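Going down the list, the sequences are from chains E and D. Per numbering that gives the first Met the number 0, residue 0 is the first one in the first sequence, and the count goes up by one each step. Per numbering that gives the first Met the number 0, residue 0 is the first one in the second sequence, and the count goes up by one each step. Following: one structure in structure tokens, then a few remarks.
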Amino acid sequence: MSATVDQVLFGAYLALDLYKLTRDEKWTQKKVAELCQTAKTPKERLAGARELRREAAAKAKADIAKMVE
Amino acid sequence: MRTLKIAFLILLAATLAGCAPPTKIIDDSAATSPVETAKLQAMEAVAQAEVALAQAWVALQSQANGGVLFKGEVQAIEAELDKAGAILDEAHDAINNGLWDLATGKAGETGDLADSAHALLGKYLKERRKSKGGER
Chain E
0 MSATVDQVLF GAYLALDLYK LTRDEKWTQK KVAELCQTAK TPKERLAGAR ELRREAAAKA
60 KADIAKMVE
Chain D
0 MRTLKIAFLI LLAATLAGCA PPTKIIDDSA ATSPVETAKL QAMEAVAQAE VALAQAWVAL
60 QSQANGGVLF KGEVQAIEAE LDKAGAILDE AHDAINNGLW DLATGKAGET GDLADSAHAL
120 LGKYLKERRK SKGGER
């Protein structure tokens with residue numbers, strides 16, 4: 000493959016990664032905003048943040064398990 | 000070259016977006032004593048670590064969905080994130096037992112683990128793009 004095609008492919012991969020990165024960050028920011036709206040006390044917010052991590056982990060694990068089956 | 004320039008601009012935009020401070024989850028401004036301030040600050044550190052870890056899981060899921068990573072690589076990153084999750088569970092126990100400094104320390108530890116998982120992800124992605132062959 001020519002160097003130019005390689006460069007273009009690398010650029011496309013990089014752009015895709017960055018798109019995913021910003022999309023994931025927006026998802027987290029949205030979830031945190033929702034959490035701050037619904038949970039009022041520090042204890043509730045802390046528990047909500049923990050729940051958010053557990054949900055994200057469970058969802059990712061289930062998705063990954065399907066992919067590697 | 001044009002794609003590279005566009006990619007660079009996107010990188011710059013994402014970097015600038017990433018510079019924004021994280022949204023505060025637990026506010027300590029209304030604390031009435033130094034002890035309460037310490038408690039709320041520890042809770043905030045743990046909550047931020049929880050959110051960072053949630054984001055790390057989402058990022059792993061996104062990259063794994065792209066089909067670029069090998070099974071073993073995904074599992075290695077999963078193991079790092081699981082370790083971080085177990086430490087955060089300990090941080091919650093520390094908060095419940097009034098051990099604020101311990102909880103803050105554990106939140107910091109998970110940050111290091113999340114960084115290590117992120118570094119692993121970056122390393123694997125770079126390797127995959129260099130060598131396009133291999134069994135996934």
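Backbone N, C-alpha and C fix where the C-beta goes; we use that ideal spot for every residue, glycine too. If you're wondering where the values come from, they're calculated on a predicted model, not measured in any experiment.
Outcome for residue i when other beta-carbon atoms lying within 10 angstroms are tallied against a minimum of 16
i	result
residue 10(E)	buried
residue 106(D)	buried
residue 70(D)	exposed
residue 18(E)	exposed
residue 62(D)	buried
residue 50(D)	buried
residue 72(E)	Residue 72(E) lies beyond the residue range present for chain E, which begins at 0 and ends at 68; the question has no answer from this structure.
residue 36(E)	exposed
residue 48(D)	buried
residue 16(E)	buried
residue 4(E)	exposed
residue 102(D)	buried
residue 83(D)	buried
residue 125(D)	exposed
residue 14(E)	buried
residue 33(E)	exposed
residue 30(E)	buried
Beta-carbon proximity of residue i to residue j, cut-off 9 Å
i	j	result
residue 46(E)	residue 59(E)	no
residue 22(E)	residue 42(D)	no
residue 27(E)	residue 57(D)	yes
residue 55(E)	residue 74(D)	no
residue 57(E)	residue 45(D)	no
residue 80(D)	residue 116(D)	yes
residue 112(D)	residue 59(D)	no
residue 109(D)	residue 78(D)	no
residue 94(D)	residue 38(D)	yes
residue 66(E)	residue 66(D)	yes
N- and C-terminal bounds of the alpha helix (DSSP H) containing residue i
i	result
residue 96(D)	Neither: residue 96(D) is in no alpha helix (DSSP H) and is coded neither H nor E.
residue 27(E)	2-37
residue 45(D)	33-64
Cβ-heavy atom distance, residue i to the ligand ATP, below 8 Å
i	result
residue 64(D)	The ligand content of the structure shown is nil, which means the ligand ATP is not present either.
*According to a CB-to-CB cut-off of less than 8 Å, which residues of the segment 25-41 of chain E neighbour chain D?*
26, 27, 28, 30, 31, 32, 34, 35 and 41
*In chain order, what residues of the segment 90-112 of chain D put their CB closer than 8 Å to some CB of chain E?*
91 and 94
*Looking at chain E, which residues of the segment 54-72 of chain D have a Cβ within less than 9 Å of any of its Cβ atoms?*
54, 55, 56, 57, 58, 59, 60, 61, 62, 63, 64, 65, 66, 67 and 70
*Check distances from the C-beta atoms of the segment 22-34 of chain D to those of chain E and list, in chain order, the residues that come in under 7 Å.*
22, 24 and 25
*Please list the residues of the segment 46-57 of chain E that have a C-beta atom closer than 7 Å to any C-beta atom in chain D, keeping them in chain order.*
48, 49, 51, 52, 55 and 56
*Identify each residue in the segment 42-53 of chain D for which the Cβ-Cβ distance to at least one residue of chain E is less than 7 Å, and report them in chain order.*
42, 45, 46, 49, 50, 52 and 53
*At a Cβ cut of 8 Å, what residues of the segment 11-23 of chain E count as close to chain D, listed as they run along the chain?*
11, 12, 13, 14, 15, 16, 17, 18, 19, 20, 21, 22 and 23
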